[in-house]
Amino acid sequence: MALAAASARQAKAKDGEQQQQLCASCLACPACLQLLAEPVSLPCGHTFCRVCLVKELRRKPKECPSCHATCHTRQVAEDQPQNVMLAQIAKSLFPELLERRLRETEAEKAKFELCLPAFFYSVPVFPGQTLCVHFFEPRYKLMMQRIINTSRRFAYVLPAPVPSTNDDDRNTDQQGRIALEAHVCEAEFLSDDRVMVKIKLAGRHTVVEDFVEAGTGNLHYCQLEPFDDDPLQEGGAGELTDLHTRAKTICNGFLGPFKGQLVEAHGRMPEDAVGLSMWMASLLPFYPPDKHSLVRSRCTRRRMRACLDCAASMEEMAQAAARREEKSSTGDMSAGEGQQQQPPPRPSQPAAEAAAEAAAVAVAQAGVSGGSASAWEDEGERSSRSARQRQRR
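Using my numbering, read the sequence shown as starting at 48 and increasing by one per residue.
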């Protein structure tokens with residue numbers, strides 16, 4: 048009797064193991080062959096881990112990885128609710144294994160937050176700026192349709208540091224480029240399918256991976272990593288503090304007359320040294336190659352010194368112009384009697400006033416429909432409007 052009971056227990060245990068193995072195989076993801084973590088079901092009936100499904104749909108046609116039936120896009124796979132019944136069954140049968148699987152997928156899901164559709168443009172920009180962008184290419188209109196009701200974010204990708212013969216956005220090798228995270232503030236879909244978008248730019252990132260999604264008309268997606276300034280070396284804190292103080296003095300001088308426009312187009316003046324160096328670089332009239340160099344720089348002191356040197360150069364030019372005007376006025380007054388008296392010469396401008404002129408030009412170039420910057424406006428229009436503003440002043 049005891050032997051029969053032992054045999055029955057062994058048979059029951061073996062049946063339990065077989066049933067558990069059968070359940071494990073039924074709850075396995077067809078892609079990774081492990082227990083389903085956040086199961087997402089497709090219309091065809093097949094179910095995958097959320098992370099596995101997103102990976103499968105990234106670069107391949109939008110079809111089920113198992114039966115190749117047409118399915119939804121990757122963005123829906125990221126946002127679609129999980130299959131609650133399968134998730135509860137997996138949790139009740141394999142609680143420890145499921146907990147371990149969920150921890151493993153957290154790192155992969157965190158990467159999804161920085162995998163963004165890419166918009167390529169050559170105008171150098173800095174964190175904190177506000178722009179108005181006009182999208183008319185089909186790929187960018189598709190991008191807006193996807194993100195407007197989800198993340199409302201895309202990557203503003205700047206040109207490569209060293210252009211090559213095939214350096215354009217249709218080259219799929221974009222690694223190493225600098226990108227800024229763009230947040231959509233407002234969007235207007237026009238009757239002819241064009242899109243007018245107001246965006247605010249956030250922190251810098253570097254492109255570590257990119258791909259073109261099939262069937263999107265060459266819409267790129269970029270995997271980003273944060274791109275921060277290097278930490279200060281020994282002995283550099285004192286110099287940076289001095290540079291920071293000088294920069295704040297100059298900025299406070301020209302902020303007053305243009306405060307509203309500057310805040311709208313470039314954001315509020317940051318208090319930290321890194322943010323202030325970026326803010327000044329966006330305002331001052333650097334040549335575009337120099338601006339590209341500054342936004343790619345990881346040295347706060349170098350960027351701050353460049354901004355202060357630019358402000359000092361503007362002060363010297365303003366003083367030279369004032370001297371020429373004074374000399375011209377003096378010559379006109381001594382030319383003969385009976386002539387109309389000329390107004391007194393204008394005093395020499397300090398660095399703050401010189402920077403204020405740069406701020407006015409920056410606001411003029413950035414100011415459309417409420418002070419937002421226009422990324423589609425051509426150089427001729429910007430130059431003519433700046434000339435008109437100078438003439439009015």
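Where is the CB? At the ideal position from N, CA and C, for every residue including glycine.
query                                                                                                                                                                : result
Can you tell me which residues form a DSSP beta bridge with glutamine 280?                                                                                           : Glutamine 280 is not bridged to any residue.
In chain order, which continuous runs of the alpha helix (DSSP H) of length 4 or greater are located wholly inside the segment 135-172?                              : 142-159
Would you call histidine 115 buried or exposed, if buried means 16 or more other Cβ atoms sit within 10 Å of its Cβ?                                                 : exposed
Short of 7 Å in beta carbon distance, which residues of its chain neighbour glutamate 125, apart from the five on each side in sequence? Order them along the chain. : Val101 and Phe159
Going by the DSSP bridge assignment, what does glutamine 270 pair with across the sheet?                                                                             : Cys162 and Glu256
Within a Cβ cutoff of 6 Å, which residues of the same chain sit near arginine 106, ignoring the five residues on either side of it in sequence?                      : Phe258
By the 10 Å Cβ neighbour count, where 16 or more other Cβ atoms means buried, how is proline 174 classified, buried or exposed?                                      : buried
Let me confirm a value: alanine 367 is counted as buried when at least 16 other C-beta atoms fall within 10 Å, else exposed. Which label applies?                    : exposed
With a CB to CB cut of under 7 Å and the five nearest residues on each side skipped, what residues in its chain are close to threonine 347?                          : Asp276, Leu287, Ala320, Val321 and Ser324
Use the C-beta contact count for threonine 292: other C-beta atoms within 10 angstroms, 16 or more gives buried, fewer gives exposed.                                : exposed
Please determine, among Ala229, Glu260 and Phe236, the residue with the shortest C-alpha to C-alpha distance to alanine 249.                                         : Ala229
In chain order, which beta strand (DSSP E) runs of at least 3 residues are fully inside the segment 90-130?                                                          : 94-96
How long is the line joining the alpha carbons of methionine 243 and arginine 345, rounded to whole angstroms?                                                       : 33 Å
May I ask you to report which of helix, strand or coil DSSP gives glycine 285?                                                                                       : helix
Go ahead and pull the three-state DSSP assignment for serine 375.                                                                                                    : helix
Can you give the Cα-Cα distance for serine 376 and glutamine 308, rounded to whole angstroms?                                                                        : 34 Å
With a Cβ-Cβ cutoff of 8 Å, do alanine 234 and methionine 191 count as a contact?                                                                                    : yes
For threonine 263, which residues does DSSP report across the bridge?                                                                                                : None; threonine 263 has no bridge partner.
Go ahead and pull the three-state DSSP assignment for leucine 248.                                                                                                   : strand
Kindly indicate which residue of Ala134, Phe201 and Pro128 has the alpha-carbon position closest to the one of arginine 251.                                         : Phe201
Contact check, histidine 339 vs leucine 178 under 8 Å by CB: the rounded distance?                                                                                   : Not quite, the Cβ-Cβ distance comes to about 16 Å (not below 8 Å), so this is no contact.
Roughly how many angstroms separate the alpha carbons of alanine 134 and proline 86, rounded to a whole number?                                                      : 7 Å
Which whole-angstrom value is the C-beta distance of alanine 165 and cysteine 269, which I expect to be below 8 Å?                                                   : 5 Å
For leucine 355, which residues in the same chain have their Cβ closer than 8 Å to its Cβ, ignoring the five residues on either side in sequence?                    : Leu290, Arg293, Ala294 and Ile297
By Cβ distance, which residues of its chain are closer than 8 Å to tryptophan 326, with the 5 residues on each side in sequence left out?                            : Phe173, Gly175, Cys298, His313, Gly314, Met316 and Pro317
Could you tell me whether the Cβ atoms of proline 77 and serine 113 are closer together than 8 Å?                                                                    : yes
Which same chain residues, not among the five before or five after alanine 261, have their C-beta less than 8 Å away from its C-beta?                                : Arg106, Lys107, Pro108 and Lys109
Return the bridge partner residues of methionine 243 from the DSSP annotation.                                                                                       : His181 and Glu235
Return the first residue and the last residue of the beta strand (DSSP E) that serine 324 is part of.                                                                : Unbroken run through serine 324 is the alpha helix (DSSP H), 320-330; no beta strand (DSSP E).
Given a threshold of 16 other Cβ atoms within 10 Å of its Cβ, counted over all protein chains shown, does valine 254 qualify as buried or as exposed?                : buried
Put serine 340 into one of helix, strand or coil per three-state DSSP.                                                                                               : helix
Under the rule that 16 or more other beta-carbon atoms within 10 Å means buried, what is phenylalanine 183, buried or exposed?                                       : exposed
DSSP on arginine 200, reduced to helix/strand/coil?                                                                                                                  : strand
My understanding is that glutamine 129 touches arginine 97, with C-beta atoms under 8 Å, so please give their C-beta distance in whole angstroms.                    : 7 Å
Determine the closest residue to valine 131 out of Phe167, Leu83, Glu146 and Phe333, with distance taken between C-alpha atoms.                                      : Leu83
Going by DSSP in three states, proline 335 sits in which element: helix, strand or coil?                                                                             : helix
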